[in-house]
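Residue numbers (the working numbering): 1 to 66. Just so it is clear, CB atoms sit at the ideal spot from N, CA and C, and this is done for glycine as well.
Here's what the structure looks like:
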């Protein structure tokens, strides 16, 4: 997930990163170092600690599938 664009996408200006909205909703679960530290421990390419974080819109379409 952290190595896919569904979870983590580098922003076009390269100084930022767009994270899945899930990281925003559950940000309290990442208090020790925040979501970037969690992601960088698992990601093949590290994200700079000073990257500007924005959040992707969540795609609810999977919840509607029957």
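Residue i - containing beta strand (DSSP E), residue span
| i | result |
| --- | --- |
| residue 53 | 52-55 |
Rounded distance between the beta-carbons of residue j and residue i, thought under 8 Å
| i | j | result |
| --- | --- | --- |
| residue 17 | residue 53 | 6 Å |
| residue 23 | residue 55 | 7 Å |
| residue 27 | residue 35 | 7 Å |
Test item: CB-CB of residue i and residue j under 8 Å
| i | j | result |
| --- | --- | --- |
| residue 95 | residue 21 | The first residue shown for the chain is 1 and the last is 66, placing residue 95 beyond what the model contains. |
Original post:
What runs of the alpha helix (DSSP H), each 4 residues or longer, lie entirely inside the stretch 3-56?
Top reply: 21-25, 34-42
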